[in-house]
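Heads up: the sequence shown is residues 50 to 172, going by the numbering used here.
Report on the structure given below.
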Amino acid sequence: MKSIRPHYYGASTKAYKTARDLRKSQTKAEKMLWHILRNRNIGNHKFRRQHPIGPFFADFYCHEALLVIEVDGDIHELKEVKEYDAERQEYIEGLGLTVLRFTNEEVLEEPDRVAEEIEAFLC
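Structure, rendered in structure tokens:
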């Protein structure tokens, strides 16, 4: 069964369970960024973690701003993962969403700069 809620972009019911499982196994960088984004800490915008968008999951999603935030680890440097990321990003952007990408290192070593960049986009 597909969701009729527009901000779920056709995600299946099964996707909700998968999203729940993904939220339980976040990376250290994802946990840190969630601490920054949660409770409307940036510009009073609500973010969701591991949000289903069609066949994909956004690390973080803000429906109000139509914004997806991805946190990329070292594996995203592999050619096949880069190709997958490019296809995924094209799909997401095709829905009218914007994707901001940060590396694990950026989030862990420069969280204030990452927060400022997100806030600049939202303003």
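Even for Gly, the Cβ is constructed at its ideal location relative to N, Cα and C.
Separation of Glu-119 and Arg-97 (C-alpha to C-alpha, rounded to the nearest whole angstrom) is 12 Å. Secondary structure at Pro-104: coil, using DSSP grouped into helix, strand and coil. Residue pairing by DSSP places Asp-161 opposite no residue, since no beta bridge is assigned to it.
Rounded to whole angstroms, the gap between the alpha carbons of Leu-144 and Leu-116 is 11 Å. C-alpha of Leu-146 to C-alpha of Cys-172: approximately 16 Å in a straight line. Counting the other Cβ atoms within 10 Å of the Cβ of Glu-79 gives 16 or more, which makes it buried. Spanning the alpha carbons of Val-163 and Phe-170 requires a straight line of approximately 11 Å. In the structure shown, Leu-116 falls within a strand segment according to DSSP collapsed to helix, strand and coil. In the structure shown, Gln-138 adopts helical secondary structure according to DSSP, grouped into three states. For Leu-149, the three-state secondary structure derived from DSSP is strand.
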